[in-house]
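A.B. asks: Going down the list, the sequences are from chains A and B. Everything in the first sequence is counted per our numbering, starting at 147 for the first residue and increasing by one. Everything in the second sequence is counted per our numbering, starting at 147 for the first residue and increasing by one. The C-beta atom is built at its ideal place from N, Cα and C for all residues, glycine as well. Nothing here was measured: the structure is a model prediction, and the numbers come from that model.
There are 2 protein chains.
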Amino acid sequence: MTTRDPQATALARLAALFADETRAACLLALLDGRAWTASELARHAGVAASTLSEHVSRLVAGGLLTEERQGRHRYVRLADARVAQLLEDLAAQVTPERAERPRTLRASSAGSAMARGRTCYDHLAGRLGIAVTDALTARGLLEQERGFALTDAGLAWFASAGIGLERRGRRPLARACLDWTERRPHLAGVAGAALCRHALDTGWCVRIGSERAVRVTAAGERALFDLLGVEAVALR
Amino acid sequence: MTTRDPQATALARLAALFADETRAACLLALLDGRAWTASELARHAGVAASTLSEHVSRLVAGGLLTEERQGRHRYVRLADARVAQLLEDLAAQVTPERAERPRTLRASSAGSAMARGRTCYDHLAGRLGIAVTDALTARGLLEQERGFALTDAGLAWFASAGIGLERRGRRPLARACLDWTERRPHLAGVAGAALCRHALDTGWCVRIGSERAVRVTAAGERALFDLLGVEAVALR
DNA sequence: CGGACGTTTCGGCGCCGGCCGAACCGTCCG
DNA sequence: CGGACGGTTCGGCCGGCGCCGAAACGTCCG
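Next up, the structure:
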């Protein structure tokens, strides 16, 4: 007891950052990959600004968030893709039991927009994410049966579509991310991020309001069908 | 504030299970994939049996552990591979800063045995795990550059070596698991588990004492060289 | 049957951490 | 310059949780 396992200590300390409902709500909100101000998070989580300030400070100190100060604002975002992945993994573990039906119509429609298409940190999720992942797989661009990897044809497809895949650090090119709403894996990793970025840059999708939900535009439907054979009906 | 996000609640509740040093120590110990009795865990964690009993009950109630009662013993193990993976992910996030040097000779030699070879829930890790993963990759049996997947040749190799790969559930055939000591990915998933099971069954490796560390036998060195070209020096 | 032993329950203690409001600090802008 | 506003710090309150030891329970075994 005098000599505790330092790994256990560190693990407990890390987990403690997630182990508070207010902080968890903030982290899940930040899973949209964008920077939020402290007061936005306070409103979102329903706590006083002072309370939230302390939470954010702990998350930053713990390496889960990075901050950028601009004038009187404190912008904060998830530190990196590793943190986002960890958060996804925890959320995925938890969501099976989230069988509760939404109570209000507003919550229900917001939920269905999220289920239709959303960002998951820096890649696409929801039926949109699944449709793209399935289309890539059906065309032999992505291997799912024996793991999760791009094929030769997949590499060529990204190149021909003008979507650059730059390897940086140890982040894998392709990675599976379990979809909360679909209960199936969708494409994450460098390729997932590049595809999502391209989709938003070229207007295939636009964000709905200030939340994580995205909507596929008419141009996007056309492009997804032309390039991947994604039927518009799969996005409804 | 009256209507809290149920997902945030569930996430915080799950994380809270990891957010205690004693529970974390138990979970890390259970990462050897075997069942421990409550009193073994109490001794390992350095707390009273009564204290540990409550911890174990919480972990079982939270779905992280499953229990088997045999007579007056309560055996407990990680609930499934998903839990083990989550634990690995959390541990991997934490270990980079674990730069502390071991203090005692005993801890140091135990540490070096663990670094040489160990099990990580149900697959091989440490230099042994890395050596096997590298050998598979070098021989074109495993694809790492574009994700983490078995190749056609890889499937054939497992079949010819008499190592069955039965897909059950959604567990991927091949998956990357970040090695704590080597800071590089090693093979996990169905293939990793099958390989580890085969290695222990056929006597390629034996467990050292009652811990997670494993030792490669002379027969194991021969087999690993013959089948995969693994040099014995990579295992030292 | 009776003692040993693994486990659990219970009461009680102490600490940590989340919460708020009030005061304060900096920045922005009219 | 002065008010508005975002953010932070501080003190104080409260609840939850981890810890223990004592007592009870169940099983095993001589």
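#1: For VAL352/A, count neighbouring C-beta atoms within 10 Å of its own C-beta (all shown protein chains included) and say buried if the count is 16 or more, exposed if not.
#2: Since GLN239/B meets chain A, which of its residues come closer than 7 Å, beta carbon to beta carbon?
#3: At what residues does the beta strand (DSSP E) containing THR265/A begin and finish?
#4: Output needed for SER199/B: all residues of its chain with C-beta closer than 7 Å, excluding positions within five of it in sequence on either side, in chain order.
#5: So VAL387/A and THR168/A are supposed to be a Cβ contact under 8 Å. How far apart are they, rounded?
#6: Got a sec? Which residues, its chain only, sit under 7 Å from ARG204/A by beta carbon, not counting five neighbours each side?
#7: Could you spell out where the alpha helix (DSSP H) holding GLY293/A opens and where it closes?
#8: Within 10 angstroms of the Cβ of HIS219/A, are there 16 or more other Cβ atoms? Answer buried if so, exposed if not.
#9: Against chain A, does PHE164/B count as a neighbour if the rule is that its beta carbon must be under 8 Å from one of theirs?
#10: Taking GLU312/A as the query, report the chain B residues whose CB atoms sit under 7 Å from its CB, ordered along the chain.
#11: Find the nearest neighbour of LEU288/B within the set SER258/A, LEU270/A, ALA295/A, ALA340/A, judged by alpha-carbon distance.
#12: By the 10 Å Cβ neighbour count, where 16 or more other Cβ atoms means buried, how is ALA245/A classified, buried or exposed?
#13: Could you tell me the distance, in whole angstroms, from the CA atom of ALA337/B to the CA atom of TYR267/B?
#14: Excluding sequence positions up to five away, which residues of its chain have a Cβ less than 7 Å from the Cβ of GLN290/B?
#15: Looking at the C-beta of LEU381/A, does it have a partner C-beta in chain B at a distance below 8 Å?
#16: Assign HIS269/B to one of three DSSP states: helix, strand, or coil.
#17: Just the chain B side, please: which residues come within less than 8 Å of LEU319/A by C-beta, in chain order?
#18: Measure the C-alpha to C-alpha separation of ALA261/B and LEU311/A and round it to an integer number of angstroms.
#19: Check the DSSP bridge columns for TRP182/A and list the partner residues they point to.
#20: What does LEU236/B touch in chain A if you count any residue whose Cβ is under 8 Å from its own?
#21: Consider the Cβ of ALA170/B: report whether some Cβ of chain A lies at a distance smaller than 8 Å.
#22: If the criterion is Cβ atoms closer than 8 Å, does the pair ALA320/A and ARG189/B meet it?
#23: Tell me ALA334/B's beta-bridge partners as DSSP assigns them.
#24: My assumption, with CB atoms under 8 Å, is that LEU224/B sits in contact with LEU381/B. Please give the rounded CB distance.
#25: Between which two residues does the beta strand (DSSP E) harbouring GLU213/B extend?
#26: Hey, does ASP372/A have any beta-carbon neighbour from chain B nearer than 8 Å?
C.D. replies: Considering the structure as presented:
#1: By the neighbour-count rule (16 or more Cβ atoms within 10 Å), VAL352/A is not buried but exposed.
#2: Result: LEU160, ARG228, LEU232.
#3: For THR265/A, the uninterrupted beta strand (DSSP E) run begins and ends at 264–266, by DSSP.
#4: Cβ contact annotation for SER199/B (same chain, cutoff 7 Å, sequence separation greater than five): ALA184, in chain order.
#5: Since the first and last residues shown for chain A are 147 and 382, residue 387/A lies out of range.
#6: Correct list, in chain order: LEU163.
#7: Taken as a continuous stretch (DSSP letters only), GLY293/A belongs to no alpha helix (DSSP H), being part of the beta strand (DSSP E) at 293–296.
#8: Result: exposed.
#9: Chain A contact via Cβ: present.
#10: Chain-ordered listing is empty here: chain B has no CB closer than 7 Å to the CB of GLU312/A, the nearest sitting near 14 Å.
#11: LEU288/B has its Cα closest to that of ALA295/A, out of SER258/A, LEU270/A, ALA295/A, ALA340/A.
#12: In this predicted model, ALA245/A has a pLDDT of only 46, less than 50, meaning its place in the structure is not dependable enough to derive any value.
#13: Rounded to the nearest angstrom, the two C-alpha atoms are 13 Å apart.
#14: Hits under 7 Å: THR283.
#15: Under the Cβ distance rule, LEU381/A does not count among the residues neighbouring chain B, no pair being separated by less than 8 Å.
#16: In this structure, DSSP gives HIS269/B an extended state, which the three-state scheme calls strand.
#17: Around LEU319/A, the beta-carbon contacts reaching into chain B at under 8 Å are GLU291, ARG292, GLY293.
#18: Spanning the two alpha carbons is a distance of roughly 34 Å.
#19: Paired residue(s): VAL222/A.
#20: For a Cβ distance threshold of 8 Å, residue set LEU157, LEU160, ALA161, LEU232 of chain A lies close to LEU236/B, ordered along the chain.
#21: Judged by the 8 Å Cβ criterion, ALA170/B is in contact with chain A.
#22: Not closer than 8 Å, so no.
#23: Paired residues: ARG321/B.
#24: Wrong, their Cβ atoms sit about 27 Å apart, outside the cutoff.
#25: Element bounds for GLU213/B: 211–216.
#26: Interface residue (Cβ-Cβ distance to chain B less than 8 Å): ASP372/A is not classified as such.
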